[in-house]
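Colleague: Residue numbers (the working numbering): -5 to 230.
Even glycine gets a Cβ: it sits at the ideal position worked out from N, Cα and C.
Structure in C-alpha cells, see below.
Here it is, written out as C-alpha cells:
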C-alpha cells in the first residue's frame, strides 16, 4: 500500500453515528513552522489538551478552522502568486487567503507566536483585534502549500485541511507571549524526535512530506481524500 493510503487506514476522531449521512468537512489550515538555527531543522509542535473531544493528548501543528473574520484579515503581505493560484484552482475566490490567514491567526492563539510583520496598531474585527493589538499584521507571503487532506466520511468530525509550511525566520519573535497559547505545551523538535511523539496519523505523514519537500521543493503536493468509498491518493 502506498504511503498516502496509510493516512486513513485507521481514521481518528469520534465515529459517525450509524445510519447518519456523512458530515460535511469544515475548512481548516495548519502550518508547519521550521526553525533552521541548529544542526538539525526543528519544527514547532504543540500538545492538545486532554479534554479535547478530537485527538486529545496528541501533538499537532498549530492551526484550525476558518473564522468569518479571516476573510477580512488585515495583512502586511499577500500570498505568493503561485500559492494563491493553487488555492484558486480548487476553492472559491477568497477562501485560499482566508485559509492562510486562519493558519496565521491560530498559530498566534495556540502558541503565542506571530507569523507577522511589525505594524502600527489598526482596527480589526473578531479575533483579529487581539492579533493586531500586538502591533502586527499577518505575513501571508510566508506560507507555502505542502499538501491537502480530507477526513474520511466514517468519522463524525471532519475537516478539509490544507497543510502549509513556513520558515521560523518569518516570526516576529521566537519568544512566546506569556498570556497566549491554547495548546497545553509547545516545543521545537527535530523531525526524528517528532516521529517519536504521540501523533495523529496524518501529522506523522506530513512530517515525512515536509522533509522530502525541503530536499526537493518541486515535489508534487499530495491530496488525500475518499472517493467512491475508497482512499484515492491524488496530487494538487
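What is the DSSP secondary structure of residue 47, counted as helix, strand or coil?
Modeller: Below a pLDDT of 50, predicted positions are generally treated as unreliable, and residue 47, at 48, falls in that range; the measurement from the model is reported next regardless. Residue 47 falls in the coil class under three-state DSSP.
Colleague: Ignore the nearest five residues each way along the sequence and tell me which others in residue 10's own chain have a CB closer than 8 Å to its CB.
Modeller: Unreliable positioning characterises residue 10 in this predicted model, as indicated by a pLDDT of 46, which lies under 50. A coordinate reading is not provided.
Colleague: What residue range does the alpha helix (DSSP H) around residue 23 cover?
Modeller: Element bounds for residue 23: not the alpha helix (DSSP H) but the beta strand (DSSP E), 20 to 29.
Colleague: Where DSSP assigns a beta bridge to residue 144, which residues make up the other side?
Modeller: According to DSSP, which records beta bridges pairwise, residue 144 is partnered with 154.
Colleague: Looking at the unbroken beta strand (DSSP E) that takes in residue 190, where does it start and where does it end?
Modeller: Premise fails: residue 190 is in no beta strand (DSSP E) and is neither H nor E.
Colleague: Alpha carbon to alpha carbon, how far is residue 160 from residue 138? Give it in angstroms, no decimals.
Modeller: Taking the straight line joining both Cα atoms gives about 7 Å.
Colleague: Is the CB-CB distance between residue 93 and residue 165 below 7 Å?
Modeller: The answer is no: Cβ separation not under 7 Å.
Colleague: Taking the C-alpha atoms as reference points, what is the distance between residue 105 and residue 57?
Modeller: In a straight line, the C-alpha of residue 105 is about 10 Å away from that of residue 57.
Colleague: Look at the Cβ atom of residue 20, then the Cβ atom of residue 153, and state whether they are nearer than 7 Å.
Modeller: In this structure, residue 153 lies closer than 7 Å to residue 20 by Cβ.
Colleague: If you compare alpha carbons, which of 79, 109, 75, 70 is closest to residue 167?
Modeller: Checked all of 79, 109, 75, 70; the closest Cα to residue 167 is 109.
Colleague: What separation, rounded to the nearest whole angstrom, lies between the Cα atoms of residue 31 and residue 219?
Modeller: Answer to the nearest angstrom: the Cα atoms are 35 Å apart.
Colleague: Per DSSP, what are the beta-bridge partners of residue 39 in this structure?
Modeller: For residue 39, which the question treats as bridged, DSSP gives the partners 181.
Colleague: List the DSSP bridge partners of residue 53.
Modeller: Beta-bridge pairing links residue 53 to 41.
Colleague: Below 7 Å CB to CB, which residues in the same chain sit around residue 229 once its five sequence neighbours on both sides are set aside?
Modeller: For residue 229, where only same-chain residues beyond five positions count, the Cβ hits under 7 Å are 214, 215, 216, 217.
Colleague: Are the beta-carbon atoms of residue 115 and residue 126 separated by less than 7 Å?
Modeller: A contact, by the Cβ cut-off of 7 Å.
Colleague: Using C-beta distances below 7 Å, list every residue in its chain close to residue 112, excluding the 5 sequence neighbours before and after it, in chain order.
Modeller: If we look at residue 112 and ignore the five residues flanking it on each side, its Cβ neighbours are 129, 130, 166.
Colleague: On the criterion of 16 or more Cβ atoms from any shown chain inside 10 Å, does residue 179 qualify as buried, or is it exposed?
Modeller: Result: exposed.
Colleague: In the DSSP assignment, find the beta strand (DSSP E) that holds residue 132 and state where it starts and stops.
Modeller: Run containing residue 132: 130 to 133, per the beta strand (DSSP E) assignment.
Colleague: Nearest-angstrom Cα distance between residue 37 and residue 183?
Modeller: Roughly 5 Å separates the two Cα atoms.
Colleague: Mark residue 177 as exposed unless 16 or more other C-beta atoms lie within 10 angstroms of its C-beta, in which case mark it buried.
Modeller: Buried, because 16 or more other Cβ atoms sit within 10 Å of the Cβ of residue 177.
Colleague: So within the segment 54 to 93, which uninterrupted beta strand (DSSP E) runs reach at least 3 residues, ignoring any that extend past its ends?
Modeller: If we require 3 residues or more, the beta strand (DSSP E) runs fully inside the segment 54 to 93 come out as 57 to 59, 69 to 71.
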